[in-house]
Amino acid sequence: MNVPETFFTIQEELFLFLFSCVAGVFIGVFYDIFRTLRIMIPHNSFFVVAEDVVFLSCYTIFLISFASVQARGELRFYFIIGNAIGFTLYFFTIGIFVIRTFRKFFGFIGALFAPIKAIYLTICKKARCKFVENSKLFTKPIKKCNLLLQNDKHLLYNIRESKKRKNVNIVARQNKSKEEKKGKARKTER
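Residue numbers for the sequence shown follow this note's numbering, beginning at 1284 and rising by one.
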């Protein structure tokens, strides 16, 4: 009966370590996609954190897949160290050059579109002014028709006779009695 090998030889472990270092370079390239996206579209800290969570989730999936396919399902700590070494080498060598190139490229593109952006902002500013003027034209007739809130001193929320809050029923009865007195006074005047 032949028992399959359940351990890695030193050559296999060295191969897996080197392979994880190379994979770390590709992880660095994947991270540069997020960095380029941040250069293209400025983000606030919430979206940066969201992108980092997505990146770490993708790295976790990669690490589990790597361990399943290459290492017979065994996750070893030196896989993570190899990824970190490859990522760091890429990040501080080629990654700096790549990001610097993208910054210059998008800065050049931004300079090309700066006049178009200025024209767009000017049009938006003038359109906003016209919108405000037109909205005033529409609100004037409405104000003349008294369709807005009534400015009646006898409304419940305008009464300030005392600092204590009165019972709503008492205030309503008082207002009703005042209206009845006014109605009687009007009848007697006629």
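The beta carbon of each residue, even a glycine, is placed where N, CA and C say it ideally should be.
Secondary structure note for T1371: its alpha helix (DSSP H) is the uninterrupted segment F1360 to F1375.
The DSSP-derived three-state label of R1355 is coil.
In the structure shown, F1290 falls within a coil segment according to DSSP collapsed to helix, strand and coil. The region 1357-1377 makes contact with the region 1297-1307, as at least three CB pairs between them are under 8 Å. The Cβ atoms of R1359 and L1320 lie no closer than 9 Å to each other. Just so you know, the alpha carbons of G1393 and R1318 end up roughly 17 Å apart.
Rounded to the nearest whole angstrom, the CA to CA distance from K1413 to L1404 is 14 Å.
At a Cβ-Cβ threshold of 9 Å, F1385 and I1293 do not count as neighbours.
Of the candidates S1460, S1418, E1295 and D1315, the residue whose Cα lies closest to the Cα of D1335 is D1315. Burial check for S1460: the Cβ neighbour count within 10 Å stays below 16, so the residue is exposed.
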